[in-house]
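Colleague: Next up is a structure, given as structure tokens.
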Amino acid sequence: NGAPRVRNSFIPAHERMASRSSRSQSHFTQAPMSEMEAQEELPMPSRKRMLTDEHQHVAGQPMHEGEYYGEEEMYYGSGQGPRGLSRNWGDNCNPCCFPCPRLGYFEAFAGAHGFTGPLNRTTGSFGFQEGFNAGMPMFCGLTLQAGVNATQSNFEGAPFTPDDRTQFFTTVGAFRRVDLGLQAGLVVDFLRDDWDYNIDMTQVRGEIGWMMPCGNELGFWFAAGGDQTISDAQVAFFANDAVAFRSSVLVVEPVDMYAFYYRRQFACGGEGRAFAGGTDDNRGLLGGNIRLPLNPCWQFSTDFLYVVASDDADFRFNDESWNVSFNLVWTPFGQGSGGCQNYCRPLLDVANNGSFLTRLP
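According to our numbering, the sequence shown is numbered sequentially starting from 12.
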């Protein structure tokens with residue numbers, strides 16, 4: 012029936028790991044030496060092992076030769092080692108199990124940003140942000156992710172209000188990373204924006220890409236907004252080459268965005284992405300992001316987005332949107348062992364002013 016032939020019973024991890032330098036023959040049942048030499052160990056779920064013939068497939072995956080025991084995790088196969096370009100599952104991201112939640116897939120970030128858009132009403136915003144993003148493996152390679160991003164900007168107010176501006180982004184969803192083939196992620200973003208107004212909005216954001224050899228990926232990402240929201244605010248009125256602000260009702264809605272991207276994986280968890288596309292109101296957009304490791308526990312990331320103004324806008328300078336930000340990212344447990352990228356690191360970043368755009372319809 013094609014199933015592998017088991018030559019010994021399962022061995023608990025604490026017994027197998029008692030001696031890493033050598034393997035005791037007591038771990039295996041007695042068998043002729045000619046048969047034992049034609050066999051190798053296979054990684055099995057729940058941290059157990061079995062023996063089977065070489066050159067067979069288990070669960071549709073080819074077996075690999077060799078096994079490396081690190082201080083905390085294990086690596087299998089004849090490919091790149093713990094300090095090469097390949098990625099690893101980490102110490103509790105077994106593809107088909109339900110592990111206990113751990114902080115092995117947690118990252119915190121802080122940095123600065125600048126952005127503008129129709130809600131800025133002829134002004135710009137500069138400030139700082141901080142937050143976290145975390146992934147928790149579930150089953151068969153599927154991983155949940157959740158994170159928050161808090162921003163503070165316009166510390167000296169604006170022409171229409173003395174108040175500073177605070178935003179709170181929340182992102183929750185799921186994803187699946189792969190080495191080759193189809194990988195995808197889908198999240199829901201929530202935005203709370205407080206300035207001279209108070210608004211709450213949601214959007215659905217996702218991406219789907221095809222991973223190719225040598226770390227190349229082509230794909231498509233989108234953001235689809237929810238319903239409009241209204242709030243009392245200072246509304247800009249343009250006349251006689253001047254702008255005036257009056258108390259009125261502000262109607263705000265998210266911008267739907269669609270773009271194709273190219274992503275390149277770098278060594279030890281780094282990556283870069285460039286994309287281009289458009290919005291649901293026929294405006295073009297261009298952007299990108301890059302993430303570079305500084306050491307196994309620290310990385311530098313930056314991103315930008317530019318959306319052109321609508322051809323029908325009366326005042327195009329008030330209709331364009333852009334965002335530039337950078338962060339220092341801290342992963343307290345490193346990016347897997349030796350700094351290699353972890354399969355359970357969140358696929359999508361927490362929303363910010365470059366992935367959650369708003370407009371005045």
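C-beta: ideal position from N, C-alpha, C; glycine also.
#1: Which parts of the segment 172-247 are runs of the beta strand (DSSP E), unbroken and 3 residues or longer, counting only runs that do not cross its ends?
#2: Could you tell me whether the Cβ atoms of residue 336 and residue 322 are closer together than 8 Å?
#3: Closest by CA to residue 278, which one among 183, 211, 209 and 305?
#4: Would you check if the distance between the CB atom of residue 159 and the CB atom of residue 138 is smaller than 8 Å?
#5: Given 8 Å as the limit, is there contact between the segment 235-248 and the segment 293-309, that is, 3 or more CB pairs closer than that?
#6: Which residues bound the beta strand (DSSP E) around residue 271?
#7: Since residue 165 and residue 156 are thought to touch, with beta carbons under 8 Å apart, how far apart are those beta carbons, to the nearest angstrom?
#8: On the premise that residue 263 lies in contact with residue 369, defined as a C-beta separation below 8 Å, what is that separation, rounded to the nearest angstrom?
#9: Under the assumption that residue 341 contacts residue 119 (Cβ atoms under 8 Å), give the Cβ distance between them as a whole number of angstroms.
#10: So if DSSP puts residue 134 in a beta bridge, which residue, or which two residues, is it bridged to?
#11: May I ask you to report which of helix, strand or coil DSSP gives residue 144?
#12: Given a cut-off of 8 Å on the beta-carbon distance, is the pair residue 8 and residue 371 in contact?
#13: If you compare alpha carbons, which of 259, 316, 265 and 266 is closest to residue 411?
#14: Measuring only the C-alpha atoms, how far is residue 151 from residue 280?
#15: Going by Cα to Cα distance, which pick from 328, 122 and 186 is closest to residue 148?
#16: Check the DSSP bridge columns for residue 342 and list the partner residues they point to.
#17: Relative to the alpha-carbon of residue 193, which residue among 247, 230, 289 and 252 has its alpha-carbon at the smallest distance?
Modeller: So, from the data block:
#1: Whole beta strand (DSSP E) segments, 3+ residues: 176-187, 192-205, 209-222 and 227-236.
#2: no
#3: Nearest in C-alpha terms to residue 278, of all of 183, 211, 209 and 305, is 305.
#4: Cβ distance not < 8 Å, so residue 159 and residue 138 don't count as in contact.
#5: no
#6: 268-276
#7: In fact, because the Cβ distance is near 30 Å, the residues do not count as touching under 8 Å.
#8: 5 Å
#9: 5 Å
#10: In the DSSP output, where bridge partners are listed per residue, residue 134 has none listed.
#11: strand
#12: Examination of residue 8 is not possible in this model, given that the chain is present from 12 through 372 alone.
#13: It is not possible to answer for residue 411, since the shown part of the chain is limited to 12 through 372.
#14: 22 Å
#15: 186
#16: Answer is none; residue 342 lacks a bridge partner.
#17: 230
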